[in-house]
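In terms of the working numbering, the sequence shown has 634 at position 653, counting the first letter as 1, and numbering is strictly consecutive.
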Amino acid sequence: MPLLEPKPGALRPRTIGGPAPDRVPDHRSTGTPEPLRGELAELLGAGKVLSGVSDLVRYASDASPYRFLPQVVVIAEDIDDVSAVLSYAHGKQREVVFRAAGTSLNGQAQGEDILVDVRRHWAGVEVLEEGLRARIQPGTTVVRANAALARHGRVLGPDPASAIACTLGGVVANNASGMTAGTTRNSYRTLSSLTFVLPSGTVVDTADPRADEELAHAEPALCHGLMEIKKEIEADPGLVARIRAKYEIKNTTGYRLDAYLDGATPVEILRGLMVGSEGTLGFIAEVVFDTLPLDRELTSALLFFPSLPAAAAAVPLFNEAGALAVELMDGNTLRASVSVAGVPADWAALPKDTTALLVEFRAPDEAGRAEYERRAAVVLAGLDLVAPVASVTNAFTRDARTISGYWKARKAFVTAVGGARASGTTLITEDFAVPPSRLAEACEALLELQAEHGFDAAVAGHAAHGNLHFLLAFDAARPADVDRYAAFMDAFCRLTVERFDGSLKAEHSTGRNMAPFLELEWGPRATEMMWRTKRVIDPDLVLAPRILLDRDPKAHLRGLKTIPQVEAVADPCIECGFCEPTCPSEDLTTTPRQRIVLRREMMRQQPGSPVLGGLLDAYGYDAVDTCAGDSTCKLACPVGIDTGALMKDFRHRRHSPREERAAELAALRFGAVEVAARLAVAAADKITDAVGDRILRALTGAARKAVRPDLVPEWLPQVPGAADGKLPATRRVGAAAVYYPACVNRIFGGPDGAPGPSLPEAVVAVSERAGRPVWIPGDVRGTCCATIWHSKGYDAGNHVMANRIVEAAWGWTAGGRLPLVVDASSCTLGIAHEVVPYLTDDNRSLHAELRIVDSVVWAAEELLPRLKVRRTVGSAVLHPTCSMRHLDDEAQLRAVAEACADEVVVPYDAGCCAFAGDRGMLHPELTESATAREATEVTARQFDAHLSANRMCEVGMDRATGRSYYSALLELERATRP
């Protein structure tokens, strides 16, 4: 047993609310049963089969209000894996559900048998024909695809609010549209071709000229069945008219029956049916989109109205003026949005009925924008707007930052409102459409219906297209609340269909939520055609049999998840998944959402349950140890949930008093620790020079086993040699700033074998060269930014060092009169922000007077304008660190790089390297996983320079790519050297 095992039971919830009615039952504590586990492992390989109870629980929840525990999770790597699973399911009479991002809101990505993850190995974009088309893998996010297209001035048609997380496979499978897509820019209208796998395992590429011939040979009964349905539909003029009318407004309820009218052959029909089929007809393995022009000339306004109907009445006016987007936000939405960074705080005081329209015009050129502004002014002149709080301007603007802020508030609708809901309540997101001309009437009717059933829902949506969303919160653990929700749903569906002939699902797809009401909207004839379609394509009902089609009138009430209260920092989470693409451990263990999902299941259990025990056993490594602690999840989360901070707190809980005291002593005696660390690195360097890395790896490996892997780093060949023990000589008199070389740069040197100065020498030289000299205090040794202790959850040591560095900085900078320049981005973040909660009241006051400046910002803003660039390299690739994202100084890194290189590239998949100080040495597998996609981009071509702004992140990228990364300031010094 390791010498310093974590405190037993430290991660056990302090209060457990269970047993909850929807808890995972005890008999599921052993995970996937045999022979299912063994057979799939033999078929696919054990590494592709997730079978532990922790694995099943973390995949049981998604962004919807439902929760279903799968029997097993399969990580499919390619089409062969998908076909193998489908063949197995056919032979064993099992069911299969596909899941990518898990951002769908109606339970489409949840299954009770075999759940197949088709996100992890399915990302990639190939830009075709100079951006006119794009071939995209189904696990690619919309944001990632659009980033590749933006360089060509193109964009995808669908633009859902969840674009940072949702994947293109899901977008097509749900026909998700978004703010501007309407009925003309959605997947159905802009999809050029797709490749899919039918339930039988047959693979179809609709772009292949021989596709129909090959399908007829492989699936004659399917082809015949599709053509028979097409013939019957076309022989019924009333049904044809009904189908065409249903798609004049946004509609994703049921299968796309117009595919039978638009397609002339079985393959063409299947191409249309796959759009919006929610994984019930096949697996979408690849899509090719026709792209649209990216109009960059914008003018936007956030306009405030006294009521929801008043705002809705203005929508047709902006539609007629040519607005591309007219988005609606009611008072509940606006007030909840104050939790979103950048939203004016005075929105919290908006009157209850206040409603806003976000109106945007987009043009390809300045003349077009000016014309739109003229039209907008005419519309504005006839509106009765209100300005109930000071921040309201009711004016159109071209300012990109202001426009971005408007959209950030709008896109945070579900998460912001969900985060503001009462603790313990489940969130339901409804999505419907009516003819745009009847939007105001529909808004009035919706408000009346909500009041009748005791709901005060938040309303927002794509008003330009008559498409609104509203959110309801209720306690799924209380039968009376579930009954109230059921009664509301019955009344709402009747209202939408019978009064407005609207769509019960406009863009979120049918899912489990609306399946019981399918016939209400479409009628028996069209609904039967949908059932026949399912039976023709999937006669054995292998794929998602209770999603989209379900004859149970109460199917939408089955599987509603309870939301037990968890730690305060995580409790607002609605499990939307926006955090997942940014998480370094996403492809290794768990994501921020899954960490919270697992915590909630612990709360559902009763003390001593075997499920609780199994979850706790896995949580230490899967959730706590492999969290990089970078907190980029906080940036991605619209309501700022910092799961990284929660994991650091859990690390603190696991520490024994002896560990805490040792860490505190290290902080108290850090001067000696720093010297010892530098000597140890120097000694290690000599050992490896003499005999290689084998001995050090063996020694650290033995120590990791004896003490604990999460405490003792593994020796890595990429660890740099020791820094020079002497810092450059500088003078205080005349200094423009105080320069603080971070302890990591006082211990570790630069790239091995690289000529030129050290980083401290470079910073001093280039600052002097620019006429902005810096001064290094003589007593910097023994100080630190405190991140070492903060990241590991050592509170006592953190308090010691946080206060020491602030007191020292106060003296060095003459009470804040000079800026403090820090040469490692994580240390800049630490001193500028992360130390604050650990300061005494007096030191918090001192800290408020300090100006903490990252060295990259110093270089970009103070030095570059005063320097002459004398030489450049041909190309440079950048690794912006996660700390730079928090500090919002990635632009300054690019500015420095662009001064030094003719071509500067930031990889599309650049993200946190997860080296996190020494975490990449404690868990090398974390950095390997986190950097895999970025490394693939970097190593696909040659670059002359590989630049970043944090030494340990550079080491992590060295290890990931085999290339030598170094500080951008070293390159700046070389570029400007006389």
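Glycine included, each C-beta is placed from N, C-alpha and C at the ideal position.
Alpha-carbon to alpha-carbon, Ser85 and Ser45: 6 Å
Between the CA atoms of Ala414 and Thr491 - distance to the nearest angstrom: 13 Å
Endpoints, the beta strand (DSSP E) within which Asp521 is located: Here Asp521 belongs to no beta strand (DSSP E), and DSSP marks it neither H nor E.
Per-residue DSSP class, three states only, for Leu831: coil
Between which two residues does the beta strand (DSSP E) harbouring Gly442 extend? 439 to 443
Ala57 to His102 span [Cα, whole Å]: 7 Å
Tell me whether the beta-carbon of Arg116 lies closer than 9 Å to the beta-carbon of Asp271. no
Check whether the stretch 315 to 329 touches the stretch 236 to 250, counting contact only when three or more Cβ pairs, one atom from each stretch, lie closer than 8 Å. no
What does a CB cutoff of less than 8 Å around Met(-18) pick up in its chain, not counting 5 residues either side in sequence? Note that Met(-18) scores 42 on pLDDT, short of 50, meaning its location in the model is unreliable; the coordinates nonetheless yield the value given after this. Excluding sequence neighbours, Met(-18) sits near nothing in its chain.
Bounding residues of the alpha helix (DSSP H) (the contiguous stretch that carries His780): 776 to 793
Local conformation of Val136 per DSSP, three classes: strand
DSSP-derived helix/strand/coil call for Tyr721: strand
Three or more C-beta pairs below 8 Å linking the stretch 831 to 839 and the stretch 854 to 863: no
Less than 9 Å between the C-beta atoms of Ala790 and Val877, yes or no? no
Would you give the residue range spanned by the beta strand (DSSP E) that Ile56 belongs to? 53 to 56
Residues that Gly159 bridges to, as DSSP identifies them: Asp140
Provide the residue(s) that pair with Arg343 in DSSP beta bridges, ordered along the chain. Leu279
Cα-Cα separation between Ser929 and Ile265, rounded to whole angstroms: 38 Å
Is it true that the CB of Ser174 sits closer than 9 Å to the CB of Thr187? yes
In three-state terms, what does DSSP make of Met(-18)? Reliability of the predicted coordinates at Met(-18) is poor, the pLDDT of 42 falling under 50, and no value is obtained from them.
Determine the closest residue to Leu(-1) out of His450, Gln586, His446, with distance taken between C-alpha atoms. With the sequence shown as reference, residue -1 is identified as Gly, and Leu is not the correct amino acid for it. Of the candidates His450, Gln586, His446, the one whose C-alpha sits nearest the C-alpha of Gly(-1) is Gln586.
Quick check: does the Cβ of Gly811 come within less than 8 Å of any heavy atom belonging to the ligand ZN? The ligand ZN is absent from the structure shown, which contains no ligands of any kind.
Could you name the residues of the same chain whose beta carbon sits closer than 6 Å to that of Thr570, not counting the 5 residues immediately before and after it, in chain order? Asp603, Thr607
Assign Arg851 to buried or exposed, taking buried as 16 or more other Cβ atoms, counted over all protein chains shown, within 10 Å of its Cβ. exposed
In the DSSP assignment, what are the bridge partners of Val5? Answer by DSSP bridge pairing: none, since Val5 is not bridged.
Near Ala371, which residues of its chain fall below 7 Å by C-beta distance, leaving aside the five closest residues on each side in sequence? Asp327
What residue range does the alpha helix (DSSP H) around Ile384 cover? 381 to 392
Measuring CA to CA, which of Arg465, Lys773, Leu366, Gly26 is closest to Ile409? Arg465
Any contact between the stretch 13 to 32 and the stretch 562 to 579? By contact I mean 3 or more CB pairs, one from each, below 8 Å. no
If you draw a straight line from the C-alpha of Gly652 to the C-alpha of Thr764, how long is it? 7 Å
Given 8 Å, three or more beta-carbon pairs between the stretch 631 to 640 and the stretch 795 to 806: no
How is Pro274 classed by DSSP in three states: helix, strand or coil? strand
Do the CB positions of Ser590 and Asp7 come within less than 9 Å of each other? yes
Since I believe Leu309 is in contact with Thr336 (beta carbons under 8 Å), could you give me their beta-carbon distance rounded to a whole number of angstroms? 7 Å
State yes or no: is the C-beta of Ser748 within less than 9 Å of the C-beta of Ala718? yes
Under 9 Å, do Phe286 and Leu179 count as touching if we go by C-beta distance? no
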